[in-house]
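The opening residue of the sequence shown carries number 48 in my numbering; numbering runs sequentially from there. Reviewing the structure listed below.
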Amino acid sequence: MRVLITGSAGFIGSALSLRLLERGDQVIGVDCLDEYYDVTLKEARLTRTLAYDGYTDVRARIEDRDAMRATFTAHRPDMVVNLAAQAGVRYSIENPDAYVDSNLVGFANILEGCRRHGVKHLVYASSSSVYGSNTNMPFSVHHNVDHPVSLYAASKKANELMAHTYSHLYDIPTTGLRFFTVYGPWGRPDMALFKFTKAILADQPIDVFNYGKHRRDFTYIDDIVEGVMRVLDRPAAPNPQWNGDVPDSGTSTAPYRLYNIGNNQPVELMHYIATLEQCLGKEAQKNLLPLQPGDVPDTYADVTDLVRDTGYKPDMAVEQGVANFVAWYRDYYQV
Numbered sequence: 048m049r050v051l052i053t054g055s056a057g058f059i060g061s062a063l064s065l066r067l068l069e070r071g072d073q074v075i076g077v078d079c080l081d082e083y084y085d086v087t088l089k090e091a092r093l094t095r096t097l098a099y100d101g102y103t104d105v106r107a108r109i110e111d112r113d114a115m116r117a118t119f120t121a122h123r124p125d126m127v128v129n130l131a132a133q134a135g136v137r138y139s140i141e142n143p144d145a146y147v148d149s150n151l152v153g154f155a156n157i158l159e160g161c162r163r164h165g166v167k168h169l170v171y172a173s174s175s176s177v178y179g180s181n182t183n184m185p186f187s188v189h190h191n192v193d194h195p196v197s198l199y200a201a202s203k204k205a206n207e208l209m210a211h212t213y214s215h216l217y218d219i220p221t222t223g224l225r226f227f228t229v230y231g232p233w234g235r236p237d238m239a240l241f242k243f244t245k246a247i248l249a250d251q252p253i254d255v256f257n258y259g260k261h262r263r264d265f266t267y268i269d270d271i272v273e274g275v276m277r278v279l280d281r282p283a284a285p286n287p288q289w290n291g292d293v294p295d296s297g298t299s300t301a302p303y304r305l306y307n308i309g310n311n312q313p314v315e316l317m318h319y320i321a322t323l324e325q326c327l328g329k330e331a332q333k334n335l336l337p338l339q340p341g342d343v344p345d346t347y348a349d350v351t352d353l354v355r356d357t358g359y360k361p362d363m364a365v366e367q368g369v370a371n372f373v374a375w376y377r378d379y380y381q382v
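Listed below in structure tokens is the structure:
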């Protein structure tokens with residue numbers, strides 16, 4: 048297959064590209080190497096994929112309409128995985144324009160490319176953030192998610208609505224994946240595990256929000272990639288039982304699906320930090336703070352639909368996942 052992956056120098060995009068290349072697919076990788084975080088890390092990730100003959104490197108922003116039209120026309124992908132986005136809940140409060148440009152305008156350009164070039168399946172990254180003010184756990188794709196608490200979350204919910212419209216109007220199979228707190232080797236420096244590790248090794252204090260009491264469904268990178276692969280190979284199909292009198296948020300009469308990809312086992316932040324301390328052999332200096340605006344206290348993924356439809360359930364224990372990250376971090380940064 049020819050698979051176009053946006054955000055191909057990103058954490059998930061790079062790992063997914065490698066898996067597809069290893070099984071013999073061709074990958075058209077689109078990335079602008081945005082400076083939101085360390086570009087040298089993105090370049091190092093790219094070095095791994097550029098080693099494969101089947102990888103084509105396209106430097107472009109998805110919000111650049113002309114560049115996206117040219118990319119789809121030149122490469123005519125069979126499948127598309129949209130992972131490019133302005134990430135981060137807290138940054139969306141500081142710089143909302145970046146989220147409108149990448150997550151809304153950019154995603155519209157991807158949808159148009161899929162429509163005009165007969166793409167067989169569009170898989171795109173949504174987020175556990177869409178659950179917002181929901182407290183009924185575990186979070187299910189069949190729950191209503193109309194109360195986001197950050198612009199980032201609202202942009203991801205908007206992506207799901209936009210995808211449904213294109214599935215309905217143009218019969219394009221689209222699948223949205225709500226990722227739950229992804230972590231692991233080659234991860235993002237703006238995320239907690241990376242920041243904590245860097246600070247602890249430098250004998251600097253770490254900011255622990257919500258006084259460490261919130262829980263996250265931490266999901267290891269390999270589990271995320273395996274879930275994406277399983278879903279990609281199974282284009283979304285209509286749900287013949289869908290009923291407009293009792294509308295189901297996770298399916299449709301159109302070829303449209305939503306799945307959670309989470310570890311299905313929430314972990315309290317303090318346990319996560321204790322696990323990291325054990326792996327590093329150092330205790331953290333903790334600066335306990337209240338919950339930040341835009342954050343939610345807990346996340347917990349119901350993965351029933353993913354297991355039923357793909358036969359796959361994420362299962363990496365945080366103890367092993369954190370140990371794997373620490374081993375990578377020490378090697379990469381020569382610490």
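C-beta atoms are modelled at their ideal positions from N, C-alpha and C, and glycine is treated no differently. Just so it is clear, the structure is predicted and the values come from calculations on it, not from any experiment.
- Of the candidates Leu80, Arg49, Ala131, Asp104, Arg49 places its Cα closest to the Cα of Gly71.
- Secondary structure note for Phe226: it is in no alpha helix (DSSP H), and the uninterrupted beta strand (DSSP E) holding it is 221-226.
- The residue from Ser202, Asp113, His122 with its alpha-carbon nearest to that of Asp104 is His122.
- When C-alpha distances from Gly160 are compared across Thr120, Val147, Ala172, Asn150, the shortest belongs to Thr120.
- For Phe265, the secondary structure class from DSSP, reduced to helix, strand or coil, is coil.
- For Met184, there is no enclosing beta strand (DSSP E), as DSSP marks it with neither H nor E.
- Three or more Cβ pairs closer than 8 angstroms define a contact, and the region 122-136 meets that threshold against the region 50-70.
- For a cut-off of 8 angstroms, the C-beta gap from Pro252 to Lys333 is around 7 angstroms, short enough to register as a contact.
- The beta-carbon separation of Ile320 and Val255, rounded to 7 angstroms, stays under the 8 angstroms limit for a contact.
- Annotation for Ser173: the continuous beta strand (DSSP E) segment containing it runs 168-174.
- A distance below 8 angstroms separates the beta carbons of Gly259 and Leu316.
- Taking Arg262 as the centre and dropping the five residues before and after it, the same chain places the C-beta of Pro313, Val314, Glu315, Leu316, Pro344, Asp345, Thr346, Tyr347 closer than 8 angstroms to its C-beta, in chain order.
- Below 8 angstroms, enough C-beta pairs join the region 76-87 and the region 104-119 to call them touching: three or more.
- DSSP places Met209 in the uninterrupted alpha helix (DSSP H) bounded by 198-217.
- For Asp113, the three-state secondary structure derived from DSSP is helix.
- Residues of the same chain with a CB within less than 7 angstroms of the CB of Arg137, apart from the 5 flanking positions on each side, are Gln339, Gly341 in chain order.
- Taking the Cβ atoms as the reference, Gly231 lies roughly 5 angstroms from Tyr267, within the contact range of under 8 angstroms.
- Around Gly234, the same chain offers Phe58, Phe241 as residues with beta carbons nearer than 6 angstroms, after the five sequence neighbours per side are excluded.
- By the CB criterion at 8 angstroms, Tyr146 and Ser187 fall outside the cutoff.
- Shown here, Gln73 sits in a strand according to DSSP, grouped into three states.
- Here the C-alpha atom of Leu158 lies approximately 20 angstroms from the C-alpha atom of Asp144.
- From the listed residues Phe243, Asn142, Ile219, the smallest Cα separation to Tyr199 is found for Asn142.
- Between the beta-carbon of Ser296 and that of His189 there is about 6 angstroms, and that keeps the pair under the 8 angstroms contact cut.
- In the DSSP assignment, Leu305 falls within the unbroken beta strand (DSSP E) covering 303-308.
- Tyr306 is a Cβ neighbour of Thr222, given a cutoff of 8 angstroms.
- Pairing Cys326 with Ala364 gives a Cβ-Cβ distance that is not under 8 angstroms.
- Across the structure, Ser197 and Ser175 are spaced so that their CA atoms are roughly 12 angstroms apart.
- Taken in chain order, the complete alpha helix (DSSP H) segments of 4 or more residues contained in the region 131-157 are 138-141, 143-146.
- For Tyr178, no alpha helix (DSSP H) segment is defined, and its DSSP state is neither H nor E.
- In the displayed model, Thr53 falls within a strand according to three-state DSSP.
- Following the DSSP letters along the chain, one finds Asp280 in no beta strand (DSSP E), marked with neither H nor E.
- If you draw a straight line from the Cα of Leu323 to the Cα of Thr244, it comes to about 7 angstroms.
- Nearest neighbour of Gln73 by Cα position, chosen from Ala56, Thr96, Glu90, turns out to be Thr96.
- Ser180 and Ser299 do not touch by the CB rule: their CB atoms are close to 24 angstroms apart, not below 8 angstroms.
- Counting along the chain, the unbroken beta strand (DSSP E) around Asp104 starts and ends at 102-106.
- Counting C-beta atoms within 10 angstroms of its own C-beta, Lys204 has 16 or more neighbours from the protein chains shown and is therefore classed as buried.
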